[in-house]
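Visitor: This is the structure I want to talk about, given as structure tokens.
2 protein chains.
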Amino acid sequence: MHVKGELLIGGKSYPGKGKAFSAIKPKTGERLGEPFHSALSDDVEQALVHSWNAFHSFRETSLAERAEFLDRIAENILDLGSALIDRASDETGLPKARIEGERARTVFQLRLFADEVREGRFQELRLDPADSDRKPFAKPDLRLRNVPLGPVAVFGSSNFPLAFSVAGGDTASALAAGCPVIVKAHSAHPGTSELVGRALQKAVTGSGLAPGVFSLLFDAGFEIGQALVADSRIRAVGFTGSRRGGLALMEIAARRKQPVPVFAEMSSVNPVVIFPKALLNRGPEIAKQFIGSLTLGAGQFCTNPGLVIVVDGPGLDAFLKAASETITDAAAQTMLTAGICDAFKRGTSRLESKASVDVVGRGRPGTELEGQSILFSTTGSSLLIDPELQEEIFGAASLVVRCKDAAELEAVVKSLEGQLTIALHLDDSDIEIAKPLIPTLELLAGRLLVNGFGTGVEVSPAMVHGGPYPATSDGRSTSVGTLAIYRFLRPVSYQDFPDGLLPSVLREGQ
Amino acid sequence: MHVKGELLIGGKSYPGKGKAFSAIKPKTGERLGEPFHSALSDDVEQALVHSWNAFHSFRETSLAERAEFLDRIAENILDLGSALIDRASDETGLPKARIEGERARTVFQLRLFADEVREGRFQELRLDPADSDRKPFAKPDLRLRNVPLGPVAVFGSSNFPLAFSVAGGDTASALAAGCPVIVKAHSAHPGTSELVGRALQKAVTGSGLAPGVFSLLFDAGFEIGQALVADSRIRAVGFTGSRRGGLALMEIAARRKQPVPVFAEMSSVNPVVIFPKALLNRGPEIAKQFIGSLTLGAGQFCTNPGLVIVVDGPGLDAFLKAASETITDAAAQTMLTAGICDAFKRGTSRLESKASVDVVGRGRPGTELEGQSILFSTTGSSLLIDPELQEEIFGAASLVVRCKDAAELEAVVKSLEGQLTIALHLDDSDIEIAKPLIPTLELLAGRLLVNGFGTGVEVSPAMVHGGPYPATSDGRSTSVGTLAIYRFLRPVSYQDFPDGLLPSVLREGQ
Chain R
54 MHVKGELLIG GKSYPGKGKA FSAIKPKTGE RLGEPFHSAL SDDVEQALVH
104 SWNAFHSFRE TSLAERAEFL DRIAENILDL GSALIDRASD ETGLPKARIE
154 GERARTVFQL RLFADEVREG RFQELRLDPA DSDRKPFAKP DLRLRNVPLG
204 PVAVFGSSNF PLAFSVAGGD TASALAAGCP VIVKAHSAHP GTSELVGRAL
254 QKAVTGSGLA PGVFSLLFDA GFEIGQALVA DSRIRAVGFT GSRRGGLALM
304 EIAARRKQPV PVFAEMSSVN PVVIFPKALL NRGPEIAKQF IGSLTLGAGQ
354 FCTNPGLVIV VDGPGLDAFL KAASETITDA AAQTMLTAGI CDAFKRGTSR
404 LESKASVDVV GRGRPGTELE GQSILFSTTG SSLLIDPELQ EEIFGAASLV
454 VRCKDAAELE AVVKSLEGQL TIALHLDDSD IEIAKPLIPT LELLAGRLLV
504 NGFGTGVEVS PAMVHGGPYP ATSDGRSTSV GTLAIYRFLR PVSYQDFPDG
554 LLPSVLREGQ
Chain B
54 MHVKGELLIG GKSYPGKGKA FSAIKPKTGE RLGEPFHSAL SDDVEQALVH
104 SWNAFHSFRE TSLAERAEFL DRIAENILDL GSALIDRASD ETGLPKARIE
154 GERARTVFQL RLFADEVREG RFQELRLDPA DSDRKPFAKP DLRLRNVPLG
204 PVAVFGSSNF PLAFSVAGGD TASALAAGCP VIVKAHSAHP GTSELVGRAL
254 QKAVTGSGLA PGVFSLLFDA GFEIGQALVA DSRIRAVGFT GSRRGGLALM
304 EIAARRKQPV PVFAEMSSVN PVVIFPKALL NRGPEIAKQF IGSLTLGAGQ
354 FCTNPGLVIV VDGPGLDAFL KAASETITDA AAQTMLTAGI CDAFKRGTSR
404 LESKASVDVV GRGRPGTELE GQSILFSTTG SSLLIDPELQ EEIFGAASLV
454 VRCKDAAELE AVVKSLEGQL TIALHLDDSD IEIAKPLIPT LELLAGRLLV
504 NGFGTGVEVS PAMVHGGPYP ATSDGRSTSV GTLAIYRFLR PVSYQDFPDG
554 LLPSVLREGQ
């Protein structure tokens with residue numbers, strides 16, 4: 054399979070006729086191959102028509118068929134071989150080893166959803182039999198199952214060209230639920246998107262499914278994605294990206310004649326709280342791990358540790374010294390796009406210009422296209438009066454918040470916005486101090502972790518990659534792990550249905 | 054317990070100081086006893102402070118304690134005895150037998166949630182153990198549970214003074230989830246609300262819970278409810294009422310700094326589709342059942358059958374004749390409030406004035422405060438071009454849609470807005486014609502039923518009382534049945550937590 058710069062719509066592929074844009078090699082700023090062309094509104098309409106038509110047969114596929122389809126997508130992605138790895142690495146500037154790891158994760162995720170579909174628990178089958186003798190009224194027969202919402206629009210993210218993109222978690226969980234998917238590719242990795250899209254399209258054909266089960270659209274701007282979300286045939290939206298982007302989609306979806314849910318994963322600074330004994334006993338060691346997590350992949354993770362909260366006291370100087378020394382050695386890294394790199398630099402400059410903020414240390418300087426890691430510090434009281442200090446800077450920048458005592462630390466924690474993760478670093482003797490904070494933390498984040506960092510999100514039945522607003526648009530959902538499938542389902546109750554009219558899974562003897 | 058016209062806030066009770074309003078006996082328009090006074094913003098603040106404070110201890114109650122609390126509420130409501138029945142009947146104009154039935158349902162519902170809490174499945178406990186040998190990275194220990202969202206604002210509905218009001222389904226499911234509740238009483242039955250509120254407040258005390266677990270506020274207008282929904286301490290909203298009211302709350306909640314979910318059950322015409330053989334074989338019989346369902350409780354049910362869709366053909370005349378004859382005998386009934394009665398009359402007049410609409414029959418005329426049942430008819434093609442014909446008229450009014458053939462019937466069905474219920478009347482030989490329609494119907498309603506009517510909503514684990522917008526604001530939810538608890542929960546994942554820091558339900562050996 055080759056990158057041809059084509060839209061994939063309802064089993065066909067052809068070049069777009071809209072505005073041209075190029076894949077860029079972020080390491081050099083060079084164009085990569087021939088240009089892509091944005092979809093036009095006709096293409097959106099075609100994708101929607103195909104998607105809606107495909108929905109009716111796709112939702113009726115057996116669990117075995119749907120599971121096999123997901124497995125086939127995984128297989129076809131692996132079959133792309135090094136062409137995919139090379140292209141994704143070229144388009145994102147991420148090392149090949151990282152892309153290989155991400156491919157493994159993506160494939161694992163598809164197979165996990167295949168297993169989840171086979172197992173069938175997500176159908177939430179419930180049978181509550183009739184009781185004709187009940188007084189004062191006979192009790193009807195009631196049966197319940199979950200049904201898929203309908204076609205889902207998925208927006209690929211910039212920072213995970215495979216795992217949160219064309220065949221990533223949103224797509225896998227929507228397909229698992231029985232929803233056709235239309236992906237709006239992220240314009241930062243269009244070639245990667247096309248390759249994975251072709252693998253997915255091939256799986257649709259190979260599984261004998263209606264071609265509209267999957268379509269892929271390109272757009273240099275925002276119009277195509279917005280048109281998708283505004284259309285009545287789209288019944289849910291999956292998005293990973295900026296807060297501004299997520300809010301724009303939420304607003305479009307809410308204004309529709311029939312509003313639909315938008316599952317947007319938007320922004321999080323993933324606070325790290327270091328407790329006194331851990332700070333005292335292991336400050337330098339934690340500092341090294343922290344800088345490792347902060348600078349991993351140029352800090353371009355939703356779960357990147359952007360805020361470290363500590364009580365000033367013994368051990369803090371050693372922690373800061375070790376952090377400062379460690380970050381000094383951090384190489385500057387190419388960021389995903391020139392735009393992301395610019396935003397990173399603007400964000401760090403803004404923070405640096407604040408009187409309340411000091412620089413603890415910087416990584417090695419780099420080129421115009423590379424992000425230089427940076428660690429800041431401020432005081433708890435400054436954070437409490439300046440909400441801007443809590444804003445996410447996407448990249449390897451973090452802020453240490455020195456609180457004057459445990460009460461100020463608690464106030465800082467309570468002032469936090471919703472988060473994807475909160476990490477606690479503690480020793481056994483810190484547990485009693487940490488304990489009273491847990492109920493507050495549970496309200497603030499979807500995942501709490503001890504003596505680790507949020508980067509590295511397990512694809513697990515017990516994972517929550519979500520959290521209260523603004524971490525996500527719906528804090529009751531997760532975009533990673535098997536629970537993600539429930540975003541795209543709704544329950545339907547069948548009352549007194551004759552056997553012949555019931556969905557087969559709810560029939561007697563099933 | 055007596056009606057004193059008092060707000061119930063955090064274990065205390067005192068009269069409001071805001072605008073006065075009276076309970077009205079809808080049968081006569083007379084005032085019932087002393088006036089009530091609206092809450093002021095100070096009262097809202099007090100209720101919120103108490104609610105937020107109570108949340109921390111309430112969510113930590115054991116399943117057994119919380120279940121016992123729910124059972125105690127049920128017991129205390131029964132203990133109110135005939136005083137409650139009399140007051141609710143006086144305030145709503147509904148017959149005592151109906152109120153008694155509703156009380157039984159309310160008590161059953163509380164006990165069902167008590168059982169659901171005891172059983173504990175809603176916690177969604179998931180344990181995914183560590184694997185230190187996994188390559189390339191060790192796998193962390195991950196454990197998941199659902200936690201309650203936080204204080205919930207519940208808006209009592211006018212039409213179910215017990216089952217969808219102070220201690221109704223929203224309150225019962227929110228308390229079951231571990232969320233404190235602040236109820237904005239419906240101003241049409243303030244005395245009933247106060248009595249039930251006192252029973253609930255007594256259960257809070259009796260169970261030794263923090264007094265802020267429950268508060269009750271009165272308001273003659275909308276300000277108090279809107280202030281509740283706008284406040285950051287309210288984390289979810291339960292509402293049953295008009296589309297306008299629900300949309301207003303959705304907008305307030307969406308504009309908050311931290312948006313929260315609004316579960317609003319708003320409007321539905323609950324289409325009834327009668328298939329050819331059933332129409333031919335049992336038309337008159339179905340007509341009688343239909344008019345019975347339509348006129349039950351003056352038609353003041355969310356699930357009232359407001360639209361009947363049939364293909365013109367043999368049997369239709371007999372159906373219409375029987376319906377017309379049956380409705381002629383239907384007594385005019387007092388409606389819940391003068392405002393509701395006015396709206397009903399305006400709605401039926403508007404429909405009657407349309408050239409495309411004929412009157413099939415009317416019930417007996419009544420007083421100014423009574424609703425006269427009415428049955429209209431129109432054609433499929435008229436419905437397709439005039440969306441107003443699909444609008445809910447709250448009360449005993451329904452519209453028969455005569456379709457010229459099966460294709461037009463399908464087009465009419467596909468043009469429907471989201472519904473709570475869709476009922477199918479069919480004989481065995483209709484099943485093959487009905488079958489292809491089911492997938493479409495599943496997308497349109499939360500509950501599908503055969504040879505019955507939507508009125509009479511079972512409180513069951515397999516019930517869905519919800520449906521796509523505008524039936525509800527979130528078509529993935531139900532406000533009746535045990536699944537309702539999930540509206541007020543969100544998952545949290547705990548990674549590598551030491552046993553001493555884990556919530557007890559997730560500890561080893563639990």
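Line by line, the protein sequences are chains R and B.
Under the numbering used here, think of the first position of the first sequence as 54, with each following residue one higher.
Under the numbering used here, think of the first position of the second sequence as 54, with each following residue one higher.
Using N, Cα and C, we set each Cβ at its ideal position, and we do this for glycine too.
(1) Relative to the C-alpha of residue 510(B), which residue among 238(B), 118(B) and 159(B) is closest?
(2) Would you mind telling me which residues of chain R sit closer than 7 Å to residue 547(B), beta carbon to beta carbon, in chain order?
(3) May I have the straight-line CA-CA distance separating residue 228(B) from residue 469(B), to the nearest angstrom?
(4) Taking just the CA atoms, how far does residue 167(B) sit from residue 205(B)?
(5) Whose Cβ in chain R lies nearer than 9 Å to the Cβ of residue 3(B)?
(6) Judging by CA-CA distance, which residue of 82(R), 420(R) and 465(R) is the nearest neighbour of residue 440(R)?
(7) Between which two residues does the beta strand (DSSP E) containing residue 337(R) stretch?
(8) Thinking C-alpha only, which one of 505(B), 116(B), 260(B) and 482(B) is nearest residue 323(B)?
(9) According to DSSP, is residue 179(B) helix, strand or coil?
(10) Residues of chain B with CB closer than 7 Å to the CB of residue 444(R), please, in chain order.
(11) Is the number of C-beta pairs between the stretch 165-185 of chain B and the stretch 93-112 of chain B that are closer than 8 Å three or more?
(12) Taking only beta-carbon positions, decide if residue 516(R) is within less than 8 Å of chain B.
(13) Which one of 523(R), 383(R) and 94(R) has the shortest CA to CA distance from residue 347(R)?
(14) Throw me the rounded Cβ distance for the residue 219(R) and residue 269(R) pair, which I believe falls under 8 Å.
(15) Note down, in chain order, every chain B residue with its Cβ under 7 Å from the Cβ of residue 109(R).
(16) Please classify residue 539(R): is it buried, with 16 or more other beta-carbons within 10 angstroms of its beta-carbon, or exposed?
(17) Nearest chain B C-beta to residue 192(R) closer than 8 Å, yes or no?
(18) Can you check DSSP and say which residues form a bridge with residue 433(B)?
(19) With C-beta atoms as the reference, is residue 251(R) less than 8 Å away from residue 283(R)?
(20) Using a threshold of 8 Å, state whether the C-beta atoms of residue 359(R) and residue 427(R) are closer than that.
(21) DSSP beta-bridge partners for residue 237(B)?
(22) Whole angstroms are fine: how far does the CA of residue 453(R) sit from the CA of residue 414(R)?
(23) Would you list, in sequence order, the uninterrupted beta strand (DSSP E) runs of no fewer than 3 residues that lie entirely inside the stretch 395-436 of chain R?
(24) Going along the chain, which residues of its own chain have a beta-carbon closer than 6 Å to the beta-carbon of residue 352(B), five neighbours each way excluded?
(25) Could you spell out the range, first to last residue, of the beta strand (DSSP E) harbouring residue 548(B)?
(26) Is residue 561(R) buried or exposed, if buried means 16 or more other CB atoms sit within 10 Å of its CB?
(27) For residue 127(R), which residues of its own chain have a beta-carbon under 6 Å away from its beta-carbon, when the five flanking residues on both sides are left out?
(28) Under 8 Å between C-beta atoms, does residue 508(B) make it to chain R?
(29) Residues of chain B with CB closer than 7 Å to the CB of residue 425(R), please, in chain order.
(30) Under the three-state reduction of DSSP, which class applies to residue 472(R): helix, strand or coil?
(31) For a contact meaning CB atoms closer than 9 Å, what does residue 341(R) contact in chain B?
(32) Report the three-state DSSP secondary structure of residue 316(B) (helix, strand or coil).
(33) Apart from the five residues just before and just after residue 120(R), which ones in its own chain have a Cβ nearer than 6 Å to its Cβ?
(34) Does residue 307(B) get closer than 8 Å to chain R when you measure Cβ to Cβ?
(35) If contact means a Cβ-Cβ distance below 9 Å, which residues of the stretch 394-419 of chain B contact chain R?
(36) Using the three-state DSSP reduction, which class does residue 65(B) fall into: helix, strand or coil?
Guide: By the coordinates alone:
(1) When each option's Cα is compared against that of residue 510(B), the closest is 159(B).
(2) For a Cβ distance threshold of 7 Å, residue set 501 of chain R lies close to residue 547(B), ordered along the chain.
(3) One C-alpha to the other measures close to 35 Å.
(4) The straight-line gap separating the alpha-carbon atoms of residue 205(B) and residue 167(B) is approximately 18 Å.
(5) The structure shown does not extend to residue 3(B), since chain B is modelled only from 54 through 563, so no value can be given for it.
(6) The closest CA to that of residue 440(R), considering only 82(R), 420(R) and 465(R), is found on 465(R).
(7) Unbroken run through residue 337(R) is the alpha helix (DSSP H), 329-348; no beta strand (DSSP E).
(8) Selected option, being the one with the closest Cα: 505(B).
(9) Residue 179(B): strand per DSSP, three-state reduction.
(10) Per Cβ cutoff of 7 Å: no residues; residue 444(R) is ~14 Å from chain B at best.
(11) Put simply, the stretch 165-185 of chain B does not touch the stretch 93-112 of chain B. Fewer than three CB pairs are less than 8 Å apart.
(12) With 8 Å as the cut-off, residue 516(R) counts as an interface residue toward chain B.
(13) It is 383(R) whose Cα lies nearest to the Cα of residue 347(R).
(14) That pair is a contact at about 6 Å.
(15) Listed along the chain, the chain B residues whose CB falls inside 7 Å of the CB of residue 109(R) are 492.
(16) With 16 or more Cβ atoms within 10 Å of its Cβ, residue 539(R) is classed as buried.
(17) Yes - at least one Cβ of chain B is within 8 Å of the one on residue 192(R).
(18) Partner(s): none; residue 433(B) has no beta bridge.
(19) Their beta carbons are not under 8 Å apart, which means residue 251(R) does not touch residue 283(R) by this criterion.
(20) Their beta carbons are not under 8 Å apart, which means residue 359(R) does not touch residue 427(R) by this criterion.
(21) Secondary-structure assignment with DSSP links residue 237(B) through a beta bridge to 208(B) and 270(B).
(22) Distance between the alpha carbons of residue 414(R) and residue 453(R): 11 Å.
(23) Counting only runs of 3 or more, we get 411-415 and 427-432.
(24) Short of 6 Å from the beta carbon of residue 352(B), and not among the five residues preceding or following it, lie these beta carbons of its own chain, in chain order: 448 and 449.
(25) Its beta strand (DSSP E) spans residues 542-548.
(26) Exposed, since its Cβ has fewer than 16 Cβ neighbours within 10 Å.
(27) Excluding residues within five positions, the ones whose Cβ falls inside 6 Å are 160, 163 and 164.
(28) No - not a single Cβ of chain R is within 8 Å of the one on residue 508(B).
(29) From the beta-carbon of residue 425(R), no residue of chain B is found nearer than 7 Å; the closest lies around 27 Å away.
(30) It is a strand residue.
(31) Under a criterion of Cβ atoms nearer than 9 Å, no residue of chain B is adjacent to residue 341(R); the nearest Cβ is some 17 Å distant.
(32) Assignment of residue 316(B) by DSSP, reduced to helix, strand and coil, places it in the strand class.
(33) Result list for residue 120(R): 167, 170 and 171, in chain order.
(34) Yes, its Cβ sits closer than 8 Å to a Cβ of chain R.
(35) Within the stretch 394-419 of chain B, no residue has a Cβ that lies closer than 9 Å to any Cβ of chain R.
(36) Collapsing the DSSP output to three states places residue 65(B) in a strand.
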